[in-house]
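Below is one structure, written out as structure tokens, with a few remarks after it.
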Amino acid sequence: MAVPNHLCIRRWTTKHVAVWLKDEGFFEYVDILCNKHRLDGITLLTLTEYDLRSPPLEIKILGDIKRLMLSVRKLQKIHIDVLEEMGYNSDSPMGSMTPFISALQSTEWLCNGEPSHDCDGPITDLNSDQYQYMNGKNKHSIRRLDPEYWKTILSCIYVFIVFGFTSFIMVIVHERVPDMQTYPPLPDIFLDRSILLRRLCSLMGTVFLLRCFTMFVTSLSVPGQHLQCTGKITSSCGLAMATYGQSCARPMCIPPSYADLGKAARDIFNKGFGFGLVKLDVKTKSCSGVEFSTSGSSNTDTGKVTGTLETKYKWCEYGLTFTEKWNTDNTLGTEIAIEDQICQGLKLTFDTTFSPNTGKKSGKIKSSYKRECINLGCDVDFDFAGPAIHGSAVFGYEGWLAGYQMTFDSAKSKLTRNNFAVGYRTGDFQLHTNVNDGTEFGGSIYQKVCEDLDTSVNLAWTSGTNSTRFGIAAKYQLDPTASISAKVNNSSLIGVGYTQTLRPGVKLTLSALVDGKSINAGGHKLGLALELEA
Numbered sequence: 143m144a145v146p147n148h149l150c151i152r153r154w155t156t157k158h159v160a161v162w163l164k165d166e167g168f169f170e171y172v173d174i175l176c177n178k179h180r181l182d183g184i185t186l187l188t189l190t191e192y193d194l195r196s197p198p199l200e201i202k203i204l205g206d207i208k209r210l211m212l213s214v215r216k217l218q219k220i221h222i223d224v225l226e227e228m229g230y231n232s233d234s235p236m237g238s239m240t241p242f243i244s245a246l247q248s249t250e251w252l253c254n255g256e257p258s259h260d261c262d263g264p265i266t267d268l269n270s271d272q273y274q275y276m277n278g279k280n281k282h283s284i285r286r287l288d289p290e291y292w293k294t295i296l297s298c299i300y301v302f303i304v305f306g307f308t309s310f311i312m313v314i315v316h317e318r319v320p321d322m323q324t325y326p327p328l329p330d331i332f333l334d335r336s337i338l339l340r341r342l343c344s345l346m347g348t349v350f351l352l353r354c355f356t357m358f359v360t361s362l363s364v365p366g367q368h369l370q371c372t373g374k375i376t377s378s379c380g381l382a383m384a385t386y387g388q389s390c391a392r393p394m395c396i397p398p399s400y401a402d403l404g405k406a407a408r409d410i411f412n413k414g415f416g417f418g419l420v421k422l423d424v425k426t427k428s429c430s431g432v433e434f435s436t437s438g439s440s441n442t443d444t445g446k447v448t449g450t451l452e453t454k455y456k457w458c459e460y461g462l463t464f465t466e467k468w469n470t471d472n473t474l475g476t477e478i479a480i481e482d483q484i485c486q487g488l489k490l491t492f493d494t495t496f497s498p499n500t501g502k503k504s505g506k507i508k509s510s511y512k513r514e515c516i517n518l519g520c521d522v523d524f525d526f527a528g529p530a531i532h533g534s535a536v537f538g539y540e541g542w543l544a545g546y547q548m549t550f551d552s553a554k555s556k557l558t559r560n561n562f563a564v565g566y567r568t569g570d571f572q573l574h575t576n577v578n579d580g581t582e583f584g585g586s587i588y589q590k591v592c593e594d595l596d597t598s599v600n601l602a603w604t605s606g607t608n609s610t611r612f613g614i615a616a617k618y619q620l621d622p623t624a625s626i627s628a629k630v631n632n633s634s635l636i637g638v639g640y641t642q643t644l645r646p647g648v649k650l651t652l653s654a655l656v657d658g659k660s661i662n663a664g665g666h667k668l669g670l671a672l673e674l675e676a
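Residue numbers for the sequence shown follow the numbering used here, so the first one is 143 and each next one is one higher.
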């Protein structure tokens, strides 16, 4: 059924519009235009390309949009008098249809900017703002560079300037450090009577000041409720464990052990580098579940070659893990661990070593207990003179971490190690400060700037020698198979590393260390590492 020619478009109902759409070959759009959005003759006449592209229609097929608009414009040309009566004319400032009313009134109807008898030629008569879908964005000149590119270029220039200026200042300051006895550091002048407290407060203040600076420059997220965790099913043993840093509905997850505090920042400094070494690592697993791993390295300076061999078998049904070790020093080691059997979160390990050459034997009993908000550890190192007890505890709540580590030597009846640490951890930011034996003060910052870029800052100060250590490191993931790492410290040692996954299970690492203070004098180091896993 065709629409009668004598029927005025003002009287078209949704049924007439549906018939017109079918006649024009747009049967699939009858439901959305007529049934859902109730387009009648008048609304069909005022339909624009922007309406077709934008919500609620959102037609995705470009060809259908163009063909439908051509049919609508033919209809508009036929009923140009109706458009003028509704106020859509070339002199009126109203409506989105004003730009092309004058074109419809011309002697020849334009199709894509050309007369209707030739629609394949280039657009010459049509203005740049006619029949153009802008999606709410201003049109920029083709020759104008996107502001995002300028921002990226400026940020790169800024990074190079900061790195160069920092390296220059490091060299100048290192050469002009005054005598600490004659010119003590500024905190020593004002806070002479509370040495431990002043150093801890000074260090924490410096670390938080660096954090404020990074937030201001990079506009990164401030610390907040970013810590989330979920229960994870381990693939090897099928045990449900809530790991730190993943997503759960509970207020706090299992905090890391004391040894793992600040690990993310240390990994940026340590992983991806192997200066002065040629190293080979091989890992494989047999059909019966026995894991074999061997590692060998050669020191390019001394020529010494070292190697280790390790076999591991997991009896998941009983939570047991058996490990055998051997190294080139002819030392044999055996380790038996049981986890989550006696108590959920409890792990017991029995570790023994024996050296046939010297007859030396050693034994350790290790224990760790992990629950929400707490991570405890206690090791007993047996010795003929007397056992040594190593203890540690880490408490966490809503991202804040506090830990303590000690070692008691029963042979000497005194504490030989007394460390404590404070930290804060979120999804993309980690802060860690520590005091070791009241003489060494350290701190580190880890910041995940974006998905591919990780940065780290590390600083430490030792009161006995008044030595200060400071370093900056970064790791950038070039693509899923390649990454580059770089670091520099206050001794003007510059390290660069490149890691490439040649194929699944084969990873190559190249690294170089350059002494910035004696570039022409030599002493630089190269490193090569190859990892194989099957």
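Just so you know, even glycine gets a beta-carbon here, dropped at the ideal spot from N, CA and C.
Cutoff 6 Å; reference residue i; Cβ partners in own chain excluding five residues on either side
{"i": "F612", "result": "L601 and N632"}
{"i": "V447", "result": "S440"}
{"i": "A563", "result": "L403, G545 and N576"}
{"i": "C150", "result": "none"}
{"i": "T442", "result": "G418"}
{"i": "L474", "result": "W468 and F496"}
{"i": "K508", "result": "T491 and D521"}
{"i": "K454", "result": "E433 and T465"}
{"i": "A551", "result": "According to the sequence shown, residue 551 is Asp rather than Ala. Only A530 and T558 meet the Cβ criterion."}
{"i": "N578", "result": "N561"}
{"i": "A663", "result": "none"}
When the options are compared against residue i, the one with the closest alpha-carbon
{"i": "L670", "options": "Q642, G416, G538 and A535", "result": "G416"}
{"i": "A615", "options": "T623, D621, S598 and P622", "result": "S598"}
{"i": "T348", "options": "K446, L573 and L163", "result": "L573"}
{"i": "T581", "options": "N561, E191 and E593", "result": "N561"}
{"i": "G569", "options": "D493, D596, K667 and I484", "result": "D596"}
{"i": "L163", "options": "T643, K202 and I207", "result": "I207"}
{"i": "E459", "options": "D471, W292 and Q483", "result": "Q483"}
{"i": "L543", "options": "N517, G665 and T473", "result": "N517"}
{"i": "G505", "options": "K512, R513, Y511 and F496", "result": "F496"}
{"i": "K413", "options": "Y192, F168, A628 and F169", "result": "A628"}
{"i": "I311", "options": "K590, V630 and C343", "result": "V630"}
{"i": "E481", "options": "P498, T500 and K456", "result": "K456"}
{"i": "Y461", "options": "F305, V301, Q486 and T549", "result": "Sequence inspection shows Gly at residue 461; the Tyr mentioned does not correspond to that position. Here the closest residue by C-alpha is Q486."}
{"i": "F571", "options": "V591, L557, R559 and N578", "result": "V591"}
{"i": "G637", "options": "E540, L644 and L668", "result": "L668"}
{"i": "V648", "options": "D423, K427 and F302", "result": "D423"}
{"i": "P622", "options": "G639, D594, W603 and T604", "result": "D594"}
{"i": "E227", "options": "A479, G167, S196 and R152", "result": "R152"}
{"i": "L225", "options": "E290, L186 and Y400", "result": "L186"}
{"i": "G183", "options": "I220, K554, P198 and I203", "result": "I220"}
{"i": "Q619", "options": "W603, T604 and T643", "result": "T643"}
{"i": "K502", "options": "L488, S609, Y511 and D525", "result": "D525"}
Contact with chain C by residue i, beta-carbon distance below 9 Å
{"i": "Y291", "result": "In the displayed structure, chain C is absent; only one protein chain is listed."}
Integer Cβ distance of residue i from residue j, believed to fall under 8 Å
{"i": "I641", "j": "S660", "result": "Checking the displayed sequence, the identity of residue 641 turns out to be Thr instead of Ile. Actually they do not touch by this definition, with Cβ atoms about 27 Å apart."}
{"i": "L451", "j": "T436", "result": "5 Å"}
{"i": "G519", "j": "G528", "result": "That pair is no contact at about 21 Å."}
{"i": "L212", "j": "I201", "result": "Going by Cβ atoms, the distance from L212 to I201 rounds to 14 Å, so no, they are not a contact pair."}
{"i": "G538", "j": "C515", "result": "6 Å"}
{"i": "L210", "j": "F169", "result": "Going by Cβ atoms, the distance from L210 to F169 rounds to 12 Å, so no, they are not a contact pair."}
{"i": "G449", "j": "T476", "result": "The pair is not a contact, with the Cβ atoms about 19 Å apart (cut-off 8 Å)."}
{"i": "L189", "j": "V214", "result": "5 Å"}
{"i": "I396", "j": "R567", "result": "Contact doesn't hold; Cβ gap of about 12 Å is too wide."}
{"i": "A676", "j": "T500", "result": "Going by Cβ atoms, the distance from A676 to T500 rounds to 36 Å, so no, they are not a contact pair."}
{"i": "S399", "j": "V536", "result": "6 Å"}
Close Cβ partners of residue i (< 8 Å) along its chain, the five nearest in sequence each way excluded
{"i": "H666", "result": "A654, L655, V656 and D657"}
{"i": "L635", "result": "L655, V656, D657 and G658"}
{"i": "I410", "result": "Y588, D596, T597, S598, A615, A616, K617, S627 and K629"}
{"i": "V172", "result": "A160, L163 and K164"}
{"i": "L362", "result": "At L362, the pLDDT of 46 sits below 50, so the modelled position is not reliable and the matter cannot be decided from this model."}
{"i": "G606", "result": "T581"}
7 Å CB neighbourhood of residue i in its chain, flanking five on each side removed
{"i": "C298", "result": "none"}
{"i": "S283", "result": "Low local confidence applies: a pLDDT of 43 at S283 is under 50, so the model's placement there is unreliable, with the coordinate-based value given in what follows. Here the set comprises nothing."}
Q | At least 3 beta-carbon pairs within less than 8 Å: the segment 654 to 665 vs the segment 395 to 412 | A | With contact defined as three or more Cβ pairs closer than 8 Å, the segment 654 to 665 and the segment 395 to 412 are not in contact.
Q) Taking only runs of the beta strand (DSSP E) that begin and end inside the segment 407 to 491, which ones reach a length of at least 3 residues, in chain order? A) If we require 3 residues or more, the beta strand (DSSP E) runs fully inside the segment 407 to 491 come out as 419 to 427, 433 to 441, 447 to 457, 462 to 469 and 474 to 481.
Q) How do the segment 173 to 181 and the segment 149 to 159 stand: do at least 3 beta-carbon pairs fall below 8 Å, yes or no? A) The answer is yes - the segment 149 to 159 touches the segment 173 to 181, with three or more Cβ pairs under 8 Å.
Q: Within the segment 547 to 622, note down every full beta strand (DSSP E) run reaching 3 residues or more, in order along the chain.
A: Runs of the beta strand (DSSP E) inside the segment 547 to 622: 556 to 567, 571 to 578, 582 to 590, 595 to 604 and 609 to 621.
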